[in-house]
Amino acid sequence: MGAIRSCSAHLGSYTKEESPSMPAVLRSSLGPGPEIDGKVKCEKDVLSCFPDICPDYLRSQAAEHQWDSQGLITRLLDDLEKDQPYPKRPTVLKRKRPEKIEKDSEEEMRWGFEEDPRLASKGQEYFKLYTKKANALLKAAFQRRYAEDIENTLKANNFQLYTTYLALDKASWSPDAGPIKLKRAYFRRPNPNAEKVLRYGAVHQGEIDAIAAFDAARAACTAKAQEREAKEAQEKQKVQEEEETLQRAKAEGTVADCGCCYEELALSSMIHCDGDTTHWFCRSCAKQMAEHVVGLSKYRLGCMSVDGCDATFSRDQKELFLDDKLTNALELIEQEEVLRLAGIENLESCPFCPYAAEYPPVEENKEFRCENPDCLLISCRLCRQETHIPKACEEAARERGHSARRVIEEAMSAALIRKCNKCGTPFIKENGCNKMTCTRSGCRNVQCYVCSKSCDYNHFDDASRGGKKGNCPLFDNVEDRHKNEVHTAEALARQQVAEENPEVGDELLHINFSERVKEDDARRTAGNPRPPGPPGFRHMVMPVPAFIPVDPGL
1421 MGAIRSCSAH LGSYTKEESP SMPAVLRSSL GPGPEIDGKV KCEKDVLSCF PDICPDYLRS
1481 QAAEHQWDSQ GLITRLLDDL EKDQPYPKRP TVLKRKRPEK IEKDSEEEMR WGFEEDPRLA
1541 SKGQEYFKLY TKKANALLKA AFQRRYAEDI ENTLKANNFQ LYTTYLALDK ASWSPDAGPI
1601 KLKRAYFRRP NPNAEKVLRY GAVHQGEIDA IAAFDAARAA CTAKAQEREA KEAQEKQKVQ
1661 EEEETLQRAK AEGTVADCGC CYEELALSSM IHCDGDTTHW FCRSCAKQMA EHVVGLSKYR
1721 LGCMSVDGCD ATFSRDQKEL FLDDKLTNAL ELIEQEEVLR LAGIENLESC PFCPYAAEYP
1781 PVEENKEFRC ENPDCLLISC RLCRQETHIP KACEEAARER GHSARRVIEE AMSAALIRKC
1841 NKCGTPFIKE NGCNKMTCTR SGCRNVQCYV CSKSCDYNHF DDASRGGKKG NCPLFDNVED
1901 RHKNEVHTAE ALARQQVAEE NPEVGDELLH INFSERVKED DARRTAGNPR PPGPPGFRHM
1961 VMPVPAFIPV DPGL
């Protein structure tokens, strides 16, 4: 799945120093001089007319127009009249503000600082004093961290003191943060009054806001530390209680082996099926089974016994190993299955959530109004995007400005992801043979992973199973197949885009893969080094969600 994430995540080419949350005006105003002042004025004038313009596009076009703001604004207006919209700033999704937050509470302060507006809008003097005070406070709070590391972290967090403090604090205890460099042990203790000294004499609003953000961040980190300590204490107590329960159960003879992992546990700590012959399982194995079932877009939790038991688990037993997230997922899958099997005429669903309702024909009403409280979006029933009426779907697509690179990314994803010939469920093979069976309830269609045609074993090149040489291979290296097909689709799409958009340079079509994606691909490839041949077990295909979220941080 690393290839899919990389294909859709890099919608903007920003570095840490040029992130969308830090305006071009701020970046350009850090140095003095008449030339820079002219650039700042040009950017301000254009942003006042086109606030959503892409910062990179603005700078490149302004340089071509010799930083003449009036000439650039006129050119952009002419392009809009010719139906040639300018590239827009990528949208950064924000969290929804909770409806119930007490005024002046700690939660409200944390929310306010996490969603702090851009510092540049408050002026250059405010920014200088804010960042200076933020640097000093952070160095006083983290005296064993190197000053260069603190400054780089502050810069990486767009000069926001609150988020920088959280990042530095997390690096001190989270194993995911990786190793950090610390100064050598002090010959004397750190100065406990360093922070107090910095608080005196703060009269400018930038300094006052920095101190307020510092206090809010420290309070948030203290609360999180207390939560971690409480959680660790609870887990330690839970392990101790389970051990005591197991010892008592052994003395009473009320123990059993898990039918899945064969670990010996007390019966009171296990769950069982509701069949005529009771089969016992540990709660961890039962939860993993439920997660696997949800991944296959199913909802029936059957007995895991190897004896061929057809029983399920009662509601009381499910409550012992299912959390709220898994319970909701199973209920949603069951609801979708019931609606699909009901065959309701004119049933329409929201493209952004599982909500569905009966609607009149699309000729009478082209919009779908979702009534899910967590969604409430209005979508077009034709293109299944957000509503754009009265504009046509084609016109709305042009205005959304699908970039040429996005066309290449979508072609690469389409080459990787297959769809069931019968029900349309998308899937990707992880391993096994090329005779694929759809796991969707009520479908069970069998098709070839190579050519996507419905088939049986006669379709393949294995003569021992009724096939013949020259047919589609029954076994091959899935990683090599994915790589070759994606590269072929990328080359064809890149050629088509170059012919249709000759003005787009090759550097703009280059797809940058993050280091995390590269490491994930390498780890997945190294984890499946087995050469082509019959696998040790038959692995079903895993459905892929219709919508793959984009990480705005990449």
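In my numbering, the protein residues as written are 1421 to 1974. Positions of the beta carbon are idealized from the N, C-alpha and C atoms, including for glycine. Everything numeric in this text was worked out from a predicted model, so none of it was measured.
Where the alpha helix (DSSP H) containing residue i begins and where it ends
i	result
Lys-1842	Run containing Lys-1842: none; DSSP gives neither H nor E here.
Glu-1768	No alpha helix (DSSP H) holds Glu-1768; the beta strand (DSSP E) holding it covers 1767 to 1769.
Glu-1899	1898 to 1920
Asp-1499	1489 to 1501
Glu-1484	1475 to 1484
Phe-1772	Counting along the chain, Phe-1772 falls outside any alpha helix (DSSP H), and DSSP gives it neither H nor E.
Gln-1737	1735 to 1741
Ser-1760	Before going on, a small fix: residue 1760 reads as Arg here, not Ser. Counting along the chain, the alpha helix (DSSP H) containing Arg-1760 begins and ends at 1744 to 1762.
Ala-1883	Note, Ala-1883: premise wrong, no alpha helix (DSSP H); not H, not E.
Boundaries (first-last residue) of the beta strand (DSSP E) holding residue i
i	result
Ala-1630	Unbroken run through Ala-1630 is the alpha helix (DSSP H), 1625 to 1672; no beta strand (DSSP E).
Cys-1705	Not the beta strand (DSSP E): Cys-1705 falls in the alpha helix (DSSP H), residues 1703 to 1715.
His-1692	1690 to 1692
Asp-1677	1675 to 1677
Arg-1860	Arg-1860 -> no beta strand (DSSP E), and no H or E assigned at all.
Phe-1847	1846 to 1848
Ile-1798	1798 to 1800
Phe-1788	1787 to 1789
Gln-1544	Counting along the chain, Gln-1544 falls outside any beta strand (DSSP E), though it belongs to the alpha helix (DSSP H) covering 1544 to 1561.
Residue environment, residue i, which counts as buried when at least 16 other CB atoms sit within 10 Å
i	result
Tyr-1620	exposed
Thr-1584	buried
His-1808	buried
Gln-1660	exposed
Leu-1549	buried
Pro-1595	exposed
Glu-1784	exposed
Cys-1469	exposed
Leu-1574	buried
Thr-1674	exposed
Thr-1908	exposed
Val-1870	buried
Ser-1489	buried
Gln-1867	buried
Lys-1658	exposed
Ser-1874	exposed
Asp-1794	exposed
Asn-1766	exposed
Thr-1551	buried
Glu-1939	exposed
Ala-1444	At Ala-1444, the pLDDT of 37 sits below 50, so the modelled position is not reliable; the number obtained from the coordinates is stated separately. With 16 or more Cβ atoms within 10 Å of its Cβ, Ala-1444 is classed as buried.
Leu-1500	exposed
Pro-1471	exposed
Own chain, CB closer than 6 Å to residue i, minus 5 neighbours either side, in chain order
i	result
Tyr-1506	Ile-1473 and Leu-1496
Lys-1886	It should be pointed out that residue 1886 corresponds to Gly in this sequence rather than to Lys. Once the five neighbours on either side are set aside, the close Cβ partners of Gly-1886 are Tyr-1877 and Asn-1878.
Ser-1769	Ala-1776
His-1485	Gly-1491 and Leu-1492
Thr-1698	His-1692
Glu-1684	Val-1675 and Asp-1677
Tyr-1719	Leu-1750, Ile-1753 and Glu-1754
Residues near residue i in its chain [Cβ-Cβ closer than 7 Å; skip 5 each side]
i	result
Gln-1625	Tyr-1546
Lys-1601	Tyr-1566 and Asp-1569
Pro-1780	Asn-1766
Leu-1759	Leu-1767 and Ala-1776
Spatial neighbours of residue i in its chain, beta-carbon cut-off 8 Å, leaving aside the 5 residues before and after
i	result
Pro-1951	For Pro-1951, the predicted structure reports a pLDDT of 44, less than 50, and the residue's modelled location is therefore unreliable. The matter cannot be settled from this model.
Leu-1746	Lys-1707, Ala-1710, Glu-1711 and Val-1714
Arg-1648	Trp-1593
Gly-1821	Bear in mind that the predicted position of Gly-1821 carries a pLDDT of just 47, short of 50, making it too unreliable to give a figure here.
Glu-1905	Ala-1835 and Leu-1836
Asn-1854	Cys-1868, Tyr-1869, Val-1870, Phe-1880, Cys-1892, Pro-1893, Leu-1894, Phe-1895 and Asp-1896
Lys-1888	Asp-1881
Leu-1912	Ala-1831
Asn-1841	Asn-1865, Gln-1867, Ser-1872, Lys-1873 and Ser-1874
Val-1772	Looking at the sequence provided, one finds Phe at residue 1772 rather than Val. Cβ within range, chain order: Cys-1790, Cys-1795, Leu-1797, Ser-1799 and Phe-1967.
Supposed close pair residue i, residue j - CB separation, criterion 8 Å
i	j	result
Leu-1557	Leu-1588	Actually they do not touch by this definition, with Cβ atoms about 11 Å apart.
Lys-1464	Trp-1487	That pair is no contact at about 11 Å.
Leu-1761	Gly-1862	7 Å
Ala-1630	Ala-1554	5 Å
Thr-1732	Leu-1716	At roughly 16 Å, the Cβ-Cβ gap does not stay under 8 Å, so Thr-1732 and Leu-1716 are not in contact.
**Prompt:** Within the chosen definition, does the stretch 1730 to 1738 reach the stretch 1688 to 1698 through at least 3 CB pairs nearer than 8 Å?
**Reply:** yes
**Cβ contact (3+ pairs, closer than 8 Å) linking the stretch 1782 to 1801 and the stretch 1739 to 1758** = The stretch 1782 to 1801 is not in contact with the stretch 1739 to 1758.
**Request:** Please determine if the stretch 1675 to 1687 and the stretch 1697 to 1709 are in contact, where contact requires at least 3 C-beta pairs separated by less than 8 Å.
**Result:** yes
**Prompt:** If you pair each beta-carbon of the stretch 1825 to 1837 with each one of the stretch 1794 to 1807, do three or more pairs fall below 8 Å?
**Reply:** no
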